[in-house]
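A.B. asks:
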Amino acid sequence: MTEAHNSTTNPPVQWADIGVNLTDKQFRDDRDAVIVRAREAGVSWQLITGTSLDESREAIALAEQHDDLFATAGLHPHSARFYSPDLEKELRDLLQHPAVRAAGEMGLDFNRDFSPRPDQEAAFEAQLGLAVDAGLPVFLHERDAHERFQPILKAFRDDLVGAVVHCFTGSKTALFDYLDLDCHIGITGWVCDERRGKELADLVHNIPDNRLLIETDAPYLLPRDLPEAPPKKRRNEPSLLPWIGQRIATLRGQKMEAVAAMTSANARTLFTAR
154 MTEAHNSTTN
164 PPVQWADIGV
174 NLTDKQFRDD
184 RDAVIVRARE
194 AGVSWQLITG
204 TSLDESREAI
214 ALAEQHDDLF
224 ATAGLHPHSA
234 RFYSPDLEKE
244 LRDLLQHPAV
254 RAAGEMGLDF
264 NRDFSPRPDQ
274 EAAFEAQLGL
284 AVDAGLPVFL
294 HERDAHERFQ
304 PILKAFRDDL
314 VGAVVHCFTG
324 SKTALFDYLD
334 LDCHIGITGW
344 VCDERRGKEL
354 ADLVHNIPDN
364 RLLIETDAPY
374 LLPRDLPEAP
384 PKKRRNEPSL
394 LPWIGQRIAT
404 LRGQKMEAVA
414 AMTSANARTL
424 FTAR
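Residue numbers (the numbering used here): 154 to 427.
1. Under a three-way DSSP split, which group does glutamate 278 fall into?
2. If distances are taken between C-alpha atoms only, which option among Asp297, Ile305, Asp185 comes closest to serine 324?
3. Using 8 Å as the cut-off, can you tell me whether the stretch 244-264 makes contact with the stretch 214-232, which would need three or more C-beta pairs spanning the two stretches below that distance?
4. Determine the burial state of aspartate 330: buried for a count of at least 16 other Cβ atoms within 10 Å of its Cβ, exposed for fewer.
5. In terms of alpha-carbon separation, which member of Thr326, Arg400, Ile360, Ser268 lies closest to valine 317?
6. CB leucine 240 to CB leucine 206, shorter than 8 Å?
7. Using alpha carbons as the reference points, say which of Val314, Ile305, Ala308, Gly342 lies closest to threonine 322.
8. Applying the 10 Å Cβ sphere with the 16-neighbour rule, what's the burial state of histidine 358?
9. Quick one, are the C-beta atoms of isoleucine 171 and glutamate 295 less than 8 Å apart?
10. Alpha carbon to alpha carbon, what distance is there between isoleucine 340 and leucine 356?
11. Less than 8 Å separating the beta-carbons of glutamine 179 and lysine 351?
12. Ends of the beta strand (DSSP E) at glutamine 179?
13. Between arginine 245 and glycine 406, what straight-line distance do the alpha-carbon atoms span, to the nearest angstrom?
14. What runs of the alpha helix (DSSP H), each 4 residues or longer, lie entirely inside the stretch 268-349?
15. Report the CB separation of alanine 186 from tyrosine 236 in whole angstroms; it is logged as a contact under 8 Å.
16. Between which two residues does the alpha helix (DSSP H) carrying glutamine 399 extend?
17. Could you have a look at aspartate 207 and say whether DSSP puts it in helix, strand or coil?
18. Answer yes or no: do tryptophan 198 and arginine 421 have a C-beta to C-beta separation smaller than 8 Å?
19. Work out the CA separation of glycine 203 and alanine 212 for me, nearest whole Å.
20. How many Å lie between glutamate 193 and leucine 365 at the Cα?
21. Just verifying my parser: in three-state terms, what is the DSSP assignment at phenylalanine 263?
22. Name the one or two DSSP bridge partners that valine 196 has.
23. Would you decide whether valine 196 is buried or exposed? Buried here means 16 or more other CB atoms lie within 10 Å of its CB.
24. Can you tell me whether phenylalanine 267 is buried or exposed? The criterion is at least 16 other CB atoms within 10 Å of its CB, across all chains shown.
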C-alpha cells in the first residue's frame, strides 16, 4: 500500500461505513473524489450524519444523488439549546424522507457541555419520541454521560425499532449496559490509537457479531497507525474503513472478510428502508 487511499479496482470484500460526515467543509473541494475512493476501497454503503437541520438537509440532498449513500436527520447535543417547536416540526418532516435511515445524531455530551445539560436531556427525549413516531432506528451520541443517557434511552427502547451507540469509546460497564438494551455498537479508528484506544481495543471482542458496526466518523479520527505517512490534509475519509476493519478483525480474532460481511449485513438490516 503506497498511499493511504490506494485499493484494487475490484476489492475482494465490501464494507459499510455507518458514520461519515460528508457534508463537512473539509470535503467541500473534493467530495466527489472522496466518494469514488471509498467505492474503489470496497466501501459500498455509507450513512451520512446529520447533526443539525441544515446538515441533515445537505446529507439528504447528497444521498439523493447516489444509490449507495443514505442519511440521518437530527440535532447533535452540542446544539440542544436550539431545540424548539419549530425545529421539531421541520425535523419530523425530514425524518419522512426515504433517504433518511436513522434519527440523529442525538444524545448527551457532558464532556464539553456546549449546551446546558437540561436542554440536552430535553432534546434527547424529544428526538427519541420522533424516532418512535417515524419508525426509525436512532443514531446515538454519548460522551461522559452514561449515567443519565442509559435510563433515558431505556425508557424509550421497547418502542424503538433499533439503536446504535455511534463512535463508542466508553467503559466496559457502559458497553454491557448498551448491549443489554439490544443496541448496536459503532466502532471507529479510535481502536487504532495506541494511546487513547487501548481500553476500547480490549473490549471489542465482547460485542456480539450481530451487534457490531464500524465507521470512520470522517473527516475526524484519522487512524494513528496507518502504515504510510498520513494523507496531506490529515483528514480521515471513508476509503480508510478497511484499515479500521482489519484492526477490529485482529482484535476479535476473526478474518477481515468475516468482519466486513457481518458488519455490512448488520448495517443494511438496521438501516433498512421502511
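Note that CB positions come from ideal geometry on N, CA and C, so glycine has one too.
Model, not experiment: these values are computed from the prediction.
C.D. replies: On the basis of the supplied data:
1. Here residue 278 corresponds to residue number 125 of the sequence shown, with the count starting at 1. Glutamate 278 falls in the helix class under three-state DSSP.
2. Here residue 324 refers to the residue found at position 171 when the sequence shown is read from its first residue. Nearest option by C-alpha distance: Asp297.
3. yes
4. Locating residue 330 in the sequence shown gives position 177, counting from the first residue. Buried.
5. Within the sequence shown, residue 317 is the residue found at index 164, counting from 1. The residue with the shortest Cα to Cα distance from valine 317 is Ile360.
6. Walking along the sequence shown from the start, residue 240 turns up at place 87. Walking along the sequence shown from the start, residue 206 turns up at place 53. In contact: leucine 240 and leucine 206 (Cβ atoms closer than 8 Å).
7. Taking the first residue of the sequence shown as position 1, residue 322 is located at position 169. Out of Val314, Ile305, Ala308, Gly342, Gly342 has the C-alpha closest to the C-alpha of threonine 322.
8. The residue labelled residue 358 in the question sits at position 205 within the sequence shown. So histidine 358 counts as exposed.
9. Translated into positions along the sequence shown, residue 171 becomes position 18. Translated into positions along the sequence shown, residue 295 becomes position 142. Contact: no.
10. Against the sequence shown, residue 356 aligns to sequence position 203. Against the sequence shown, residue 340 aligns to sequence position 187. When rounded, the distance between both Cα atoms is 11 Å.
11. To locate residue 179, count along the sequence shown from 1; it is residue 26. To locate residue 351, count along the sequence shown from 1; it is residue 198. Contact flag unset, no.
12. Looking up residue 179 in the sequence shown gives position 26. No beta strand (DSSP E) contains glutamine 179, which DSSP labels as neither H nor E.
13. As a working note, residue 245 is residue 92 in the sequence shown. As a working note, residue 406 is residue 253 in the sequence shown. Cα to Cα, arginine 245 sits roughly 42 Å from glycine 406.
14. 270-287, 299-310, 325-333
15. In the sequence shown, the residue the question calls residue 186 occupies position 33. In the sequence shown, the residue the question calls residue 236 occupies position 83. Wrong, their Cβ atoms sit about 36 Å apart, outside the cutoff.
16. Here residue 399 corresponds to residue number 246 of the sequence shown, with the count starting at 1. Glutamine 399 -> alpha helix (DSSP H) spans 394-405.
17. Walking along the sequence shown from the start, residue 207 turns up at place 54. It is helical.
18. In the sequence shown, the residue the question calls residue 198 occupies position 45. In the sequence shown, the residue the question calls residue 421 occupies position 268. It is a contact, given that the beta carbons lie within the stated cut-off.
19. Taking the sequence shown and counting its residues from 1, one reaches residue 212 at position 59. Taking the sequence shown and counting its residues from 1, one reaches residue 203 at position 50. If I take the Cα positions, the gap works out to 6 Å.
20. Walking along the sequence shown from the start, residue 193 turns up at place 40. Walking along the sequence shown from the start, residue 365 turns up at place 212. So the two alpha carbons sit approximately 23 Å from each other.
21. Translated into the one-based positions of the sequence shown, residue 263 becomes position 110. Phenylalanine 263 falls in the coil class under three-state DSSP.
22. What you label residue 196 is simply residue 43 of the sequence shown in a count that begins at 1. According to DSSP, valine 196 bridges with Trp168.
23. Position 43 of the sequence shown, counted from the start, is the residue given in the question as residue 196. So valine 196 ends up on the buried side.
24. Position 114 of the sequence shown holds residue 267. By the neighbour-count rule (16 or more Cβ atoms within 10 Å), phenylalanine 267 is not buried but exposed.
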